[in-house]
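When we follow the working numbering, the leftmost residue of the sequence shown carries the number 10, and every step to the right adds one.
Yeah, the Cβ is synthetic: ideal placement off N, Cα and C, and Gly gets one too.
Note that the structure is a prediction, hence the values are computed from the model and not measured.
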Amino acid sequence: MSDTRDLYIEQRIANERKSTLVAYLLWFFLGFFGVHRFYLGRWLSGLLMLVLFGIGSALTFIGVGYVLIGVVALWWLIDALLIPAMIAGDMSAMRMRMRAGYDG
10 MSDTRDLYIE QRIANERKST LVAYLLWFFL GFFGVHRFYL GRWLSGLLML VLFGIGSALT
70 FIGVGYVLIG VVALWWLIDA LLIPAMIAGD MSAMRMRMRA GYDG
């Protein structure tokens, strides 16, 4: 029975996991807006990234905005390294939740 349960859990995780390719495409094309973070379920940080970019863009005429855009750009670059870990962490958390709540 344990093998059946584990197989069921792993199949659900495979079906529900986020695509690394989609995450990287969103990161590359819409990353400054935080869209890749929205896709990966990181709503708060995605919203923060969007707000920082918006405020930075609005304040570029006085020069202060370039600092905020620089922060977003650095965050964007670091996210290129973090995307696989975010997906793996989500899969691990999903696996733990399913094992704890499986009543099969």
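query, result
"Extent of the continuous alpha helix (DSSP H) run through I64", "W52 to A67"
"Environment of G110 [buried if 16+ CB atoms lie within 10 Å]", "exposed"
"Delimiting residues of the alpha helix (DSSP H) encompassing F37", "T29 to L39"
"Separation of M103 from G50, as counted between CA atoms", "13 Å"
"R106, enclosing alpha helix (DSSP H) - first and last residue", "G74 to G110"
"Closest Cα partner of Y33 within the set M95, M107, D99 and R106", "M95"
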